[in-house]
Each structure stands twice: as C-alpha cells, then as structure tokens.
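Report on one structure; see the data block that follows.
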Amino acid sequence: MINQQWLHTFLALVEVGHFTQTAEKLHMTQPGVSQQIKKLEEQVGVLLLNRIGKRFELTREGEILYRFGCKRRQEEAQLYRELRFDDPHKGECRIACSGAMATFLYPHFLKRQKIHPGLMVAIEGAPNERIIQSLLQNVIDLGIVTQPSPSTELVFESLGFESLCLVLPSDYASQAQNFDALKEIGFIDHPDGAHYADRLLSANFGEQFHSVGKLSKKGYINQINQILVPVAEGLGFTVLPEMAVHQFPQQALLYVVPLKIPIYDELFLARKKHRILPMRYEWFERKIKELLREGLKKPNTPV
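Once you know that position 88 of the sequence shown is 88 in my numbering, the rest is easy, because the numbers rise by one and skip nothing.
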C-alpha cells in the first residue's frame, strides 16, 4: 500500500511546483520534502521526477501517480462527507417479516421510495428463525417476528397481537364446523401450516384433535398469496394469520370460522441492541408502528 504521507507530499509538490515552497506549505524542511519523494520513488520502484536544477518535470510514471493521487484524494473527501452527513433520504433499507406482512407493508414503502428515489427498499418475506439469524449477521437491520430470541444482542418492541384464522370454503358457512367436518374437507398446508393448525385446533377441538398428521392433506404451497386459492376453490381448509386472510382478493369465497378460544400471535419489531441505524430507518420504524397500531389489538386473554 502506498504511504499516504509520502503521496500527500508528492501531490503538494506537483501542485506548488517548488521544493522550498512546498516545505513551507507543509511546515517541513526542504530536505524533508526531498527525502519523502525519494522514499516514494523507492516504494513504487520508478522515477517520478526529472530534476532540472532547481526545477523538475514529472516523468510519465509521475503523471500516472499524480492522477491516481488526485482520484484517491477526491474519494477520501467524498468518504468524509458521507461519514459526517447521514442523509435520511438515501441508502438501502433492509427489512424482513412474514410474507403476509411484507405484502401489506411493501406498497407503503414504495410510496416513500417514489418521493425519495435515493432510497432502495429491500423487504424479504421470511420465517421467524431466519429473520433472527439475518439480524444477528447484519444481513437486515429491522425485522418483525412473532417469537423473540433469547439473544442478548437483540431488542424487541411489541407491536400488538394478530389472531390466527381457521379458513374454510364459503360453502361451509352454513354447516356445523366440528373436527370430523375438518377431516373430511382436508388441510391445505404451507410452511407454517402445521404450527398454526396445531395451536388453533388443539385449543378449539380438544380431545377430538390429536395431531395435524391425522388430517387429510389436500395440498401444500409456500407462496403466501396463493395459500387461500385452493380454499376458495373448495379444495380444503387452512389456518393463517388474520392479515394474510384479509389481503386475499376474493373474500366472498372464504368463510372464517368464529372460534370459541381465539389464538393470537404477538408481533415484535426486532433490531440489534447496539447497532445505531442510519436516519433513513426512522421513517420506516414510525410507519410500521402507525400501520399496525390499529390493525393489531391486544386481546383480553391471549393464547
């Protein structure tokens, strides 16, 4: 790596054009300037100056190094400007949450990006554990999770509670919804399907329910916006968070079963404890809380 002090002296010499005046400008001695130029020439292995009496001219190699030095100086100046000024309207914002939450939040984030094109919004739909790992590894800066991690490196702020929904085809709205009926309809599975169904069905169907594995599986899909399509077609039932259900465009084809025992997930905004986020994240944090404040109500007796 080129010695930065020697390069600085070389740039000053080229721009001043005189050894003694360069020494005065840099508060050095004239022999000190000459010595640093000689050391720089030894380091790069080429002659940088043709000395002509008290004057000098740059060699071809000296001109190349001068251009390099000017570019490096400009880059350093830009670096210092960026370090000292945190622009709230520029830079990348990396956020992860569930697929349903991403679908809900992303249009609002895009409106912000249209106003400030210098922003780049990266939002990923991911399961809880991957969000936690991505935060710990600094792959993302904000996450929305349902299960806080015991890691002392993270902090979690409650956003509210979201209910789980038992969703059937609309044709079943007038029929009794006991566990035998669910077994007959069949289950539409998804990445969180077994986890959601186990919690909701065990609480509401008691001894009738033994395990998700006892259900007839009618399909599996990992795309959040497609999970309810087979339900709407009458092919089975599923269990999903309320937000995912509300975003399905064909609501008339669905029937959300009223539950004796509601099941809720608490949502948390997660971030690194000691990681100071750029100012551009302030708007996104406020917007997330604003959008979810009314939609996520705290239940009287969460399960």
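Note that CB positions come from ideal geometry on N, CA and C, so glycine has one too.
Can you give me the Cβ contacts of C97 inside the same chain, cut-off strictly under 6 Å, excluding the 5 residues immediately before and after it?
-> I144
Beta-carbon gap between I2 and L40 smaller than 9 Å | yes
Determine which residues share a DSSP beta bridge with D180 and list them.
-> None, per the DSSP bridge assignment.
Cβ-based neighbour list, E57, same chain, cut-off 6 Å, excluding 5 preceding and 5 following | N50
Compare the C-alpha of I263 against each of V155, E15, C165, S151 and name the closest.
-> C165
Taking all protein chains shown into account, do 16 or more other C-beta atoms lie within 10 angstroms of the C-beta of P31, making it buried, or fewer, making it exposed?
-> exposed
Taking only beta-carbon positions, decide if I276 is within less than 9 Å of chain B.
-> The structure shown contains no chain B; it holds only a single protein chain.
Rounded straight-line distance, which links the Cα of L159 to that of Y106 = 17 Å
With DSSP as the reference, please indicate the residues paired to Y220 in a beta bridge.
-> D189
Taking the C-alpha atoms as reference points, what is the distance between L291 and V155?
-> 21 Å
The beta strand (DSSP E) spanning L240 covers which residue range?
-> 238-241
On the premise that V231 lies in contact with I188, defined as a C-beta separation below 8 Å, what is that separation, rounded to the nearest angstrom?
-> 6 Å
To the nearest whole angstrom, what separates the beta carbons of L277 and R271, a pair I think is in contact under 8 Å?
-> 7 Å
So, are the CB atoms of S216 and K183 less than 9 Å apart?
-> yes
Simplified DSSP assignment, three categories, for V145 | strand
Could you tell me the distance, in whole angstroms, from the CA atom of L79 to the CA atom of F104?
-> 36 Å
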